[in-house]
Each structure stands twice: as C-alpha cells, then as structure tokens.
Ligand SMILES: [Zn+2]
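In my numbering, the protein residues as written are 3 to 544.
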C-alpha cells in the first residue's frame, strides 16, 4: 500500500468534518424577560421547578453559568434600548435606539423606535414595524452573513420592539396584535403573512384562555411579596385589585389586550415560538440557527401592579413552567446539549414610588413636564424672547424651537444652557445636560453623566437632556416604572445554559453588551459592526 493511500484511508476513518461541525450549537435561543431585574430570579428561586427534565429557570440557576453583576451602561433603560443593546452588543450611542420614542425634527412628529411607514403590517391592520431605525448590525445579522444566508433566524414577542431588534435586518420578526390576537409581521420580512403563521392564527391557541381565571399558584403565605402595595396599584382595564383575575368569556380586543397582563400572554408567545421551531425546522441541521423570544408580560404586570406585587411574583412562577415546557420540547426535538440558551432582560425596575416612600426611602411621582414648561417661560422672559422656546418635550429629551430662537438675538446654545440651569432646579430633576456638553465634553468621569453620554445620538436627541433623581418618576403613566440610570434599572441577569455550559457563577462587573460579542465568539464569526461589549471567556473557552 502506498503512503498516499494509507493516509487517505486513515483520514477517512476519522470523523474530522463531523467533529468540527458538532463543536457548534445547532440552535441559539436568546430569552429576554422584559423588566426582569437582576435579583429577581434568586429572590423567587424557591418557587421554581427543581426536578430533572422539567426545569425552567433552574436550568440556569442550578446548571448554568450566571453573571450576577450585569449592568447596562446607558441612562435610558427602556425596552427598545435594552433589546437593541442585547442584539448589537453596543451602547445606544452606537446602535441608535436611544429611547422607545424620540422626536423627529425633520417631520415634526414623534418617532416610535421600530415604526416603519414604508412597510405594511401583515396579519392585522395597523402601523408596520421593522429594524430600519437600528444603526448597527446585530449578532443575528452577522450569523446570516457568516452562513451565506442559510441560518434560520426568528424573533418573537408580544411587543414588536421585543422581536424586531433581536431579529435584526435579516431575521424574521413576529409580534402580537392586541386587537385580533394574531401573531403578525410586516412586509419588511415577507411579501405576505407566511402560511405557518396563518395556521397558528387560525388555531385555537389565542382563544384557549377565554373564561380562564388567573389565581395564585401557591399558598399566599409562601410568596415573598404581599398585598401591601395594593393601594398604589393601577390595574389595567378589565382587572380589579386582587386575585383572581378572570378573563372574558368571549373573544374581543379587550380579551386579547387583557392576555398581555397575565401569564397567558407569555404562554401564547412560547407556543408560537415552539410552532416556529417545529414548522421551520430550527436546529435540524449543522448550520446554527437563532431564535429570540422576549417575554413581555413581566413588564406589563410590573408597571400596573408593581414589581413587589403578588401578581409579579406569581407571573414568574408561571413563566418558569412555561419555560420548563419549552425546554422539554427543545430537548426532545433537538437535544439541549445542542442548544445554547442565553437569558437576560432589557432593563430592571423600581418599586412603586408611594410604596417605597411608605418604607422611608426618598421616592417621588413628579410633574416635570409642567415644571419644565414653566422654566422655559421664565428663560424666555429673562432673554426677552417672544414665542414658545420648546418645540417638544419627550423626556428625558427637551427639543428647542429653533425658529423662535433664531428669530431672537440669543443663540440656541445660550438658550439651551439657560434652560438646563433652570430645569436642573425642577422638582424631581437631578441634572440637566446640554447637547454641547454631551457632544464636546468627555463625561465618562461621572458614572451618571457617562450613562447619558452613552445614550446620546445627536440627530435623535434633544437640546437638553434631563436625569431624574433616584426613585423619581418625572411623568406618571403607570404605578411603577424604569428608565433611569440608577442600579435598580440597569441591573439584569446575564445567564447561560445548555450546550457545553458549566454550572458557575461570576460576580465581576459585566454588561448585556457582552452577550452579542460572546455569541459571535462561540461561533467564531464577526462581531456586530458597532459592538462595544467584551467577550465572556468562560462561555467560549472551556
Ligand atoms: Zn416597561
């Protein structure tokens, strides 16, 4: 036998190609739990299913790698901003999603973060959404490029902004229409609603909760939270204070809207995600696929009932079971040893201010918009300017009226500076920064100012940017909220489980920016193009 033939035979006996291929997960599942502050899963850990194959959150808590000191580095801790950072591995100054809404000077209209007027909604009537406003590539975009478009990329959520941003510019995003109960998408993704989504919408899934009653799953004495924040809750339409929360018997827009405030909303999201895996054959071959699932109910419940409510706690007990079912399905279908699962949140949350104040902490529900308008009147009087100084207040941003100011003898910079000085005195405001400060100065020496600068994009930001005092709601639109640069809002879990992940816990400071670059490193592909995160070595090198 000649040497060449011998070598060939030896090589053919080695499963070299397969060995390389199985080094990579078949599927990456990125789970985002909206408003899940970093302490909450440990707070409620004793409620979660702990036995073998039916674990939900405990697949992370018991078996996963936990980064328990993950904080966002931006000030506007809101849903779109957090999801965009998770998707792109970048701070908002790089990915452009600076808020859920901003003011567009060119149109004179408010811009909703994922609104896309150039496309059409599919599956219901209403405005269309896409990733068009996202100014950076996502991990999923890089996966698409690296696999010549062969990776299957899907993102699902109740909220459009929970799906669209992680789905990126090449994936397929689906979200929930609150009027029809349908899972919808837009012409950005498909020419028409795909048959598998239509099939799901025609099934009995969305109406499975008609007449259902959400009651506590455990004995009331077992909960860490209690009913003492009830006087400050703001139950949504159709809900009363206290359990049980009954669903209407007939399908209607009211019923579908109510689903989003109950564990049923997340159950439906998970069912649709499973339907996507099943019908689109995710994880079926050796090309790594990507599925992003954002569970929105924790945020809807937290805003109305507060994060320390029995509702918020029980919702997570039920989400644990929903996750357990999803993981069992993935285990049977693909094998969890082939699925890398990441878990994080788009932001944290603060207690209802009145509830926090009751316990002796400084907390305030302010009326900053009225006070800022009054401050503007006083600046106009001081400078002798006639007309409205402010064109739009979209907190934390204040947009000046350029036509009024250019018709006066004062410069825009002077007016911004004078207004910032006055606004800094407004009840509930900690500081006010001008566009000049944010663009021309390095503010990274100050932990709060640094986060404002990290959230700043000149073309989308105001001329003055406001920061609230801690535990202060500048505008009241719900019982509890988030959106500040303080730790309760920046703190989120960053957990991994499944494919080759070991049971470990790390307490060093990390950021959700690190997720996208870590996933890129796991697959050995390019990082999202404007990523600022650091690779989490422990997930990549074992
Ligand atoms: Zn929220």
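For each residue, glycine too, the CB sits at the ideal point set by N, CA and C.
Note down the Cα distance separating residue i from residue j, rounded to an integer number of angstroms.
i, j, result
"residue 222", "residue 290", "44 Å"
"residue 372", "residue 426", "14 Å"
"residue 117", "residue 136", "11 Å"
"residue 448", "residue 308", "30 Å"
"residue 486", "residue 277", "36 Å"
"residue 7", "residue 527", "Unreliable placement is indicated for residue 7, whose pLDDT of 44 sits below 50; the coordinate value is still reported in the next sentence. Looking at the two C-alpha atoms, the distance is approximately 35 Å."
"residue 320", "residue 219", "8 Å"
"residue 179", "residue 237", "21 Å"
"residue 32", "residue 415", "43 Å"
"residue 498", "residue 66", "5 Å"
"residue 235", "residue 49", "24 Å"
"residue 133", "residue 98", "11 Å"
"residue 96", "residue 533", "8 Å"
"residue 547", "residue 489", "Because residue 547 is not part of the residues shown, which for the chain are 3 to 544, the question remains open."
"residue 161", "residue 375", "32 Å"
"residue 250", "residue 212", "6 Å"
"residue 191", "residue 233", "44 Å"
"residue 177", "residue 166", "8 Å"
"residue 432", "residue 472", "8 Å"
"residue 322", "residue 216", "15 Å"
"residue 334", "residue 325", "14 Å"
"residue 184", "residue 384", "55 Å"
"residue 463", "residue 361", "36 Å"
"residue 203", "residue 266", "16 Å"
"residue 258", "residue 239", "12 Å"
Can you tell me whether residue i is buried or exposed? The criterion is at least 16 other CB atoms within 10 Å of its CB, across all chains shown.
i, result
"residue 28", "buried"
"residue 243", "exposed"
"residue 379", "exposed"
"residue 455", "buried"
"residue 404", "exposed"
"residue 139", "buried"
"residue 253", "exposed"
"residue 424", "buried"
"residue 105", "buried"
"residue 206", "exposed"
Within its chain, find whatever has a CB closer than 7 Å to the CB of residue i; leave out the 5 residues flanking it on each side and keep chain order.
i, result
"residue 24", "Reliability fails at residue 24, whose pLDDT of 46 lies under 50, so the model's placement of it is uncertain and the value that follows must be treated cautiously. Correct list: empty, nothing qualifies."
"residue 303", "263, 313, 314 and 317"
"residue 406", "387, 389, 390 and 391"
"residue 395", "371 and 374"
"residue 453", "75, 76, 77 and 487"
Please name the residue, chosen from the options, that lies closest to residue i on a Cα-to-Cα basis.
i, options, result
"residue 366", "387, 374 and 352", "352"
"residue 163", "208, 146 and 101", "101"
"residue 502", "45, 420, 269 and 343", "343"
"residue 457", "470, 440 and 294", "440"
"residue 256", "298, 209, 224 and 297", "209"
"residue 508", "58, 70, 57 and 35", "70"
"residue 199", "270, 250 and 134", "270"
"residue 492", "87, 54 and 44", "87"
"residue 227", "197, 310 and 156", "310"
"residue 214", "245, 224, 186 and 225", "245"
"residue 145", "230, 26, 44 and 56", "26"
"residue 182", "147, 127, 150 and 506", "127"
"residue 121", "150, 496 and 131", "131"
Leaving out five residues before and five after residue i in sequence, what residues of the same chain have Cβ atoms less than 6 Å from its Cβ?
i, result
"residue 328", "272"
"residue 529", "519 and 522"
"residue 195", "124 and 125"
"residue 476", "368, 370, 397, 430 and 470"
"residue 275", "158 and 295"
"residue 63", "47"
"residue 142", "155, 170, 173 and 292"
"residue 537", "519, 520 and 523"
"residue 511", "71"
"residue 285", "28, 29, 291 and 336"
"residue 2", "Since the displayed the chain opens at 3 and closes at 544, residue 2 lies outside it and no answer follows."
Near residue i, which residues of its chain fall below 8 Å by C-beta distance, leaving aside the five closest residues on each side in sequence?
i, result
"residue 241", "247, 260, 263 and 306"
"residue 494", "38, 39, 40, 72, 73, 74, 84, 346, 347, 348, 349, 350 and 514"
"residue 152", "289"
"residue 466", "399, 400, 402, 418, 421, 422, 425, 434, 435, 436 and 437"
"residue 413", "407"
"residue 80", "101, 102, 348, 349, 484 and 485"
task = Could I get the ranges of all uninterrupted alpha helix (DSSP H) runs contained in the stretch 257-326, with 4 residues as the minimum, in chain order?
result = Secondary structure within the stretch 257-326: the alpha helix (DSSP H) runs of 4 or more consecutive residues, fully enclosed, are 265-282 and 299-307 (chain order).
message = Extract the residue ranges of the alpha helix (DSSP H) inside the stretch 374-421, only unbroken runs of 4 or more that lie entirely within it.
response = 404-408
inquiry  = If we require 3 or more residues per run, which beta strand (DSSP E) segments fall completely within the stretch 416-464?
reply    = 431-436
ask   = For the stretch 64-104, which segments carrying the alpha helix (DSSP H) assignment without a break, of at least 4 residues, lie completely within its bounds, in sequence order?
value = 81-90 and 94-97
ask   = If you scan the stretch 100-136 from start to end, which runs of the beta strand (DSSP E) of 3 or more residues do you find wholly inside it?
value = 103-106 and 111-114
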